[in-house]
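Read the sequence shown against our numbering and you will find it ends at 494, with the numbers running on by one and no gaps. Note sheet for the following structure.
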Amino acid sequence: MNETRFNPFALLRAAVRPLDPVLLVLLAVLLASAHILMQSASPERVDSQLTHFAIALLGMWALALLKPQRLLALAVPLYVLGVLLLIAVDLFGEVSKGAQRWLDLGVARIQPSELMKIAMPLMLAWFFQQREAQTRALDFFVAAALLVVPVALIVIQPDLGTSLLVAASGIFVIFFAGLSWKLIIPLVVAGVIGLGSIVAFGDTLCQPEVDWQVLREYQKQRVCTLLDPTRDPLGKGFHIIQSTIAIGSGGLMGKGWMDGTQTHLAFLPERHTDFIFAVLAEEFGLIGAVALLVVYVLMLLRGFHIAANAPTHATRLLAGAITMILFTYAFVNMGMVSGILPVVGVPLPFISYGGTALVTLCLGIGILMSIQRSRFADKT
């Protein structure tokens with residue numbers, strides 16, 4: 115009789131086979147960097163961070179195993195569930211730090227807005243797949259309506275950072291689906307005029323008696339603080355000032371691991387979450403910051419390669435949107451930490467402490483791996 119021997123290496127190869135090796139290596143570098151930085155920024159959170167890593171990687175692996183067609187089949191149910199949960203948050207959600215973002219289900223406390231970061235691009239990719247043969251102008255307005263509903267529900271929580279990320283995830287799909295430049299250019303021009311007006315008339319617009327109407331008072335103050343952090347150096351401008359000091363003091367080579375004064379003297383706020391890039395720049399200098407940027411750029415290039423070679427219209431849209439979401443996370447976080455964008459509470463992808471964002475981002479990587487795997491499966 116032939117005896118079947120247990121082969122752990124064969125089992126490991128079978129488990130790793132669905133994973134894209136390039137994305138896996140780049141992700142491993144980022145998670146290792148996150149672990150090193152967390153030991154300096156907040157050593158008491160290292161154990162829980164490892165737990166977050168395990169959960170996120172398990173979710174990534176599970177999605178990488180699924181075929182993209184099955185993922186797209188979940189698009190409508192996930193979108194509807196997400197919208198219903200957002201409505202439930204508005205009606206029954208828990209208030210924490212002045213925001214109503216959480217929903218207590220008894221067995222767990224969840225933030226439904228995070229679900230929409232994955233459900234939104236899935237939904238719109240599925241939507242445009244149904245209309246691939248003859249996409250009309252009306253389809254883009256319908257897609258915009260599908261996007262506006264969850265974004266509006268997140269804005270009223272209020273959660274400006276998450277609403278921007280969810281909006282971006284949908285806008286990227288709509289853009290890649292072939293949105294006409296005739297519609298894009300007027301929006302860009304209006305945005306440039308609006309930003310230019312804020313910069314030019316910032317002193318007047320930032321006076322206490324001026325109501326910005328479309329933004330809440332704290333959101334107005336974030337923009338005004340960006341324009342001039344020294345208006346309130348010990349209050350609203352403290353985050354940006356201390357962050358830029360940390361980044362600048364790192365110089366070329368940095369002060370050394372665990373030797374950052376801004377970090378270890380507790381001048382740098384939220385050093386383990388939103389402002390961990392400042393910890394990196396202070397302790398590892400410009401070289402460390404550039405090295406991180408190189409890893410992000412390589413991950414983006416891999417994502418765009420997967421999108422360009424995806425087997426179907428929907429998977430191309432989905433892969434392109436997820437790749438651009440990664441870019442948005444990194445760009446917004448680094449921009450706000452370095453003082454060129456308002457502070458909106460967006461974490462540095464795969465580096466900042468926090469389970470929810472990490473799981474969401476790893477699920478996105480899992481979807482990219484699923485799409486890459488389906489490309490070769492279709493050829494065989």
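Cβ coordinates follow ideal geometry from the N, Cα and C atoms, glycine included. Just so we're clear, the structure is a prediction, and the values are computed from it rather than from any experiment.
Problem - Same chain, Cβ closer than 6 Å to P182, neighbours up to 5 away in sequence not counted - result: Along the sequence shown, read from residue 1 onward, the residue named residue 182 stands at position 68. Here the set comprises T429, S484, I485 and S488.
Exercise for the section: Within the segment 205–282, note down every full alpha helix (DSSP H) run reaching 4 residues or more, in order along the chain. Expected result: 226–244 and 251–269, all fully within the segment 205–282.
Exercise for the section: Could you tell me whether the Cβ atoms of V194 and R416 are closer together than 7 Å? Expected result: On the sequence shown, position 80 is the one that residue 194 refers to. On the sequence shown, position 302 is the one that residue 416 refers to. V194 is not a Cβ neighbour of R416, given a cutoff of 7 Å.
Handout entry: For F255 and I436, the rounded distance between their alpha carbons
Key = Counting from one through the sequence shown, the residue named residue 436 turns up at place 322. Counting from one through the sequence shown, the residue named residue 255 turns up at place 141. I436 and F255 have their C-alpha atoms roughly 21 Å apart.
Exercise for the section: Quick one: residues in its chain with C-beta nearer than 6 Å to the C-beta of A189, no 5 flanking neighbours on either side, listed in chain order? Expected result: Position 75 of the sequence shown, counted from the start, is the residue given in the question as residue 189. Non-local C-beta neighbours of A189 in its own chain, meaning closer than 6 Å and more than five positions away in sequence, comprise L236, M237 and W240, ordered along the chain.
Practice task
Please report how far the alpha carbon of L198 lies from the alpha carbon of L261, in whole angstroms.
Solution key: As a first step, residue 198 is located in the sequence shown; it is residue number 84 there, counting from the start. As a first step, residue 261 is located in the sequence shown; it is residue number 147 there, counting from the start. The alpha-carbon atoms of L198 and L261 are separated by roughly 14 Å.
Problem - Extent of the continuous alpha helix (DSSP H) to which V458 belongs - result: If you number the sequence shown from 1, residue 458 lands on position 344. For V458, no alpha helix (DSSP H) run applies, since DSSP gives it neither H nor E.
Practice task
Below 7 Å CB to CB, which residues in the same chain sit around Q225 once its five sequence neighbours on both sides are set aside?
Solution key: By one-based count along the sequence shown, residue 225 stands at place 111. Closer than 7 Å at the Cβ level, and outside the excluded window around Q225, lie R215, W216 and T470.
Problem - DSSP-derived helix/strand/coil call for C320 - result: Here residue 320 refers to the residue found at position 206 of the sequence shown. Shown here, C320 sits in coil according to DSSP, grouped into three states, outside any helix or strand.
Exercise for the section: Give the range of the alpha helix (DSSP H) segment to which N447 is assigned. Expected result: Residue 447 sits at position 333 when you count from the first residue of the sequence shown. Where N447 is concerned, the enclosing alpha helix (DSSP H) starts and stops at H427 to V451.
Problem - Range of the contiguous alpha helix (DSSP H) that encloses Y410 - result: If you number the sequence shown from 1, residue 410 lands on position 296. Bounds of the alpha helix (DSSP H) holding Y410 are I390 to A422.
Exercise for the section: Could you check the C-alpha separation between K350 and L293 for me, to the nearest Å? Expected result: Counting from 1 along the sequence shown, the entry for residue 350 is found at position 236. Counting from 1 along the sequence shown, the entry for residue 293 is found at position 179. K350 and L293 have their alpha carbons spaced roughly 39 Å apart.
Exercise for the section: Whole angstroms is fine: what's the gap from I454's alpha carbon to I481's? Expected result: Here residue 454 corresponds to residue number 340 of the sequence shown, with the count starting at 1. Here residue 481 corresponds to residue number 367 of the sequence shown, with the count starting at 1. Between I454 and I481, the C-alpha separation is close to 31 Å.
Handout entry: Coarse secondary structure for M115, derived from DSSP in three states
Key = Along the sequence shown, read from residue 1 onward, the residue named residue 115 stands at position 1. With a pLDDT of 44 at M115, under the threshold of 50, the modelled position of this residue cannot be trusted; read the value that follows with caution. Collapsing the DSSP output to three states places M115 in coil.
Practice task
State yes or no: is the C-beta of L414 within less than 7 Å of the C-beta of F441?
Solution key: Residue numbering aside, residue 414 sits at position 300 when the sequence shown is read from its first letter. Residue numbering aside, residue 441 sits at position 327 when the sequence shown is read from its first letter. It is a contact, given that the beta carbons lie within the stated cut-off.
Practice task
My understanding is that T358 touches S452, with C-beta atoms under 8 Å, so please give their C-beta distance in whole angstroms.
Solution key: The residue labelled residue 358 in the question sits at position 244 within the sequence shown. The residue labelled residue 452 in the question sits at position 338 within the sequence shown. About 7 Å; that satisfies the 8 Å criterion.
Problem - Range of the contiguous alpha helix (DSSP H) that encloses I312 - result: Your numbering for residue 312 matches position 198 in the sequence shown. W295 to A314 is the span of the alpha helix (DSSP H), which, as asked, contains I312.
Exercise for the section: List the endpoints of the continuous alpha helix (DSSP H) containing D161. Expected result: As a first step, residue 161 is located in the sequence shown; it is residue number 47 there, counting from the start. Annotation for D161: the continuous alpha helix (DSSP H) segment containing it runs V160 to L179.
Exercise for the section: With a 10 Å radius around its C-beta and 16 neighbouring C-beta atoms as the bar for buried, classify L147 as buried or exposed. Expected result: In the sequence shown, residue 147 corresponds to position 33, counting from 1. The sequence shown places Ser at residue 147, not Leu. With 16 or more Cβ atoms within 10 Å of its Cβ, S147 is classed as buried.
Problem - Residue range of the alpha helix (DSSP H) that includes T377 - result: Residue numbering aside, residue 377 sits at position 263 when the sequence shown is read from its first letter. For T377, the enclosing alpha helix (DSSP H) has its first and last residue at T375 to H378.
Problem - Contact set for N423: own chain, Cβ-Cβ below 7 Å, skip 5 residues either direction - result: For the purposes of this step, residue 423 is taken as residue 309 along the sequence shown, with counting starting at 1. Same-chain partners within the cutoff: R489.
Problem - As assigned by DSSP and simplified to three states, the class of S466 - result: Sequence index remark: in the sequence shown, residue 466 carries index 352 (1-based). DSSP, reduced to helix, strand and coil, places S466 outside both helices and strands of the structure shown, so it counts as coil.
Practice task
Keeping to the same chain, check which residues put their C-beta closer than 6 Å to that of T494; ignore five residues upstream and five downstream.
Solution key: Taking the sequence shown and counting its residues from 1, one reaches residue 494 at position 380. Its pLDDT being 46, under 50, T494 is placed unreliably in this model, and the value from its coordinates should be taken loosely. Correct list: empty, nothing qualifies.
Practice task
Verify whether the separation of the beta carbon atoms of L140 and V409 is less than 7 Å.
Solution key: To locate residue 140, count along the sequence shown from 1; it is residue 26. To locate residue 409, count along the sequence shown from 1; it is residue 295. In terms of Cβ geometry, L140 and V409 form a close pair [threshold 7 Å].
Practice task
Pull up the CB-CB distance for D388 and N447, whole angstroms please, since I reckon it's below 8 Å.
Solution key: Sequence index remark: in the sequence shown, residue 388 carries index 274 (1-based). Sequence index remark: in the sequence shown, residue 447 carries index 333 (1-based). That pair is a contact at about 7 Å.
Handout entry: 7 Å Cβ shell around G370 - same chain, five flanking residues per side excluded
Key = In the sequence shown, residue 370 corresponds to position 256, counting from 1. Closer than 7 Å at Cβ, skipping near neighbours: E397.
Practice task
Have a look at A304 and Y443 and give me their C-alpha separation to the nearest angstrom.
Solution key: In the sequence shown, the residue the question calls residue 304 occupies position 190. In the sequence shown, the residue the question calls residue 443 occupies position 329. Computed Cα separation, rounded: 24 Å.
Handout entry: Extent of the continuous alpha helix (DSSP H) to which A360 belongs
Key = Walking along the sequence shown from the start, residue 360 turns up at place 246. F352 to S363 is the extent of the alpha helix (DSSP H) around A360.
Exercise for the section: Would you decide whether G207 is buried or exposed? Buried here means 16 or more other CB atoms lie within 10 Å of its CB. Expected result: Stepping through the sequence shown from its first residue, residue 207 is reached at position 93. With 16 or more neighbouring CB atoms inside 10 Å of its own CB, G207 falls in the buried class.
Handout entry: Beta-carbon contacts of I169 that lie in its chain and below 7 Å, excluding the five residues immediately before and after
Key = The sequence position of residue 169 within the sequence shown is 55, counting from 1. The residues G469 and V473, in chain order, have a CB closer than 7 Å to that of I169 in the same chain once the five nearest residues on each side in sequence are set aside.
Exercise for the section: Report the three-state DSSP secondary structure of S156 (helix, strand or coil). Expected result: Translated into the one-based positions of the sequence shown, residue 156 becomes position 42. In the three-state reduction of the DSSP assignment, S156 falls in the coil class, being assigned neither a helical nor a strand state.
Exercise for the section: Can you grab the Cα-Cα spacing for the pair L133 / L185, in whole Å? Expected result: Counting from 1 along the sequence shown, the entry for residue 133 is found at position 19. Counting from 1 along the sequence shown, the entry for residue 185 is found at position 71. When rounded, the distance between both Cα atoms is 16 Å.
Exercise for the section: Would you grab the beta carbon distance between G196 and P264 for me? Rounded to a whole angstrom, and I think it's under 8 Å. Expected result: Translated into the one-based positions of the sequence shown, residue 196 becomes position 82. Translated into the one-based positions of the sequence shown, residue 264 becomes position 150. 6 Å between Cβ atoms; contact.
Exercise for the section: Just the C-alpha distance for F381 and L348, rounded to the nearest angstrom, thanks. Expected result: By 1-based counting over the sequence shown, the position of residue 381 is 267. By 1-based counting over the sequence shown, the position of residue 348 is 234. One C-alpha to the other measures close to 11 Å.
Exercise for the section: Buried or exposed for T165, please, with buried defined as at least 16 other CB atoms from any protein chain shown within 10 angstroms of its CB. Expected result: In the sequence shown, the residue the question calls residue 165 occupies position 51. Residue environment analysis places T165 among the exposed positions, since fewer than 16 neighbouring C-beta atoms fall within 10 angstroms of its C-beta.
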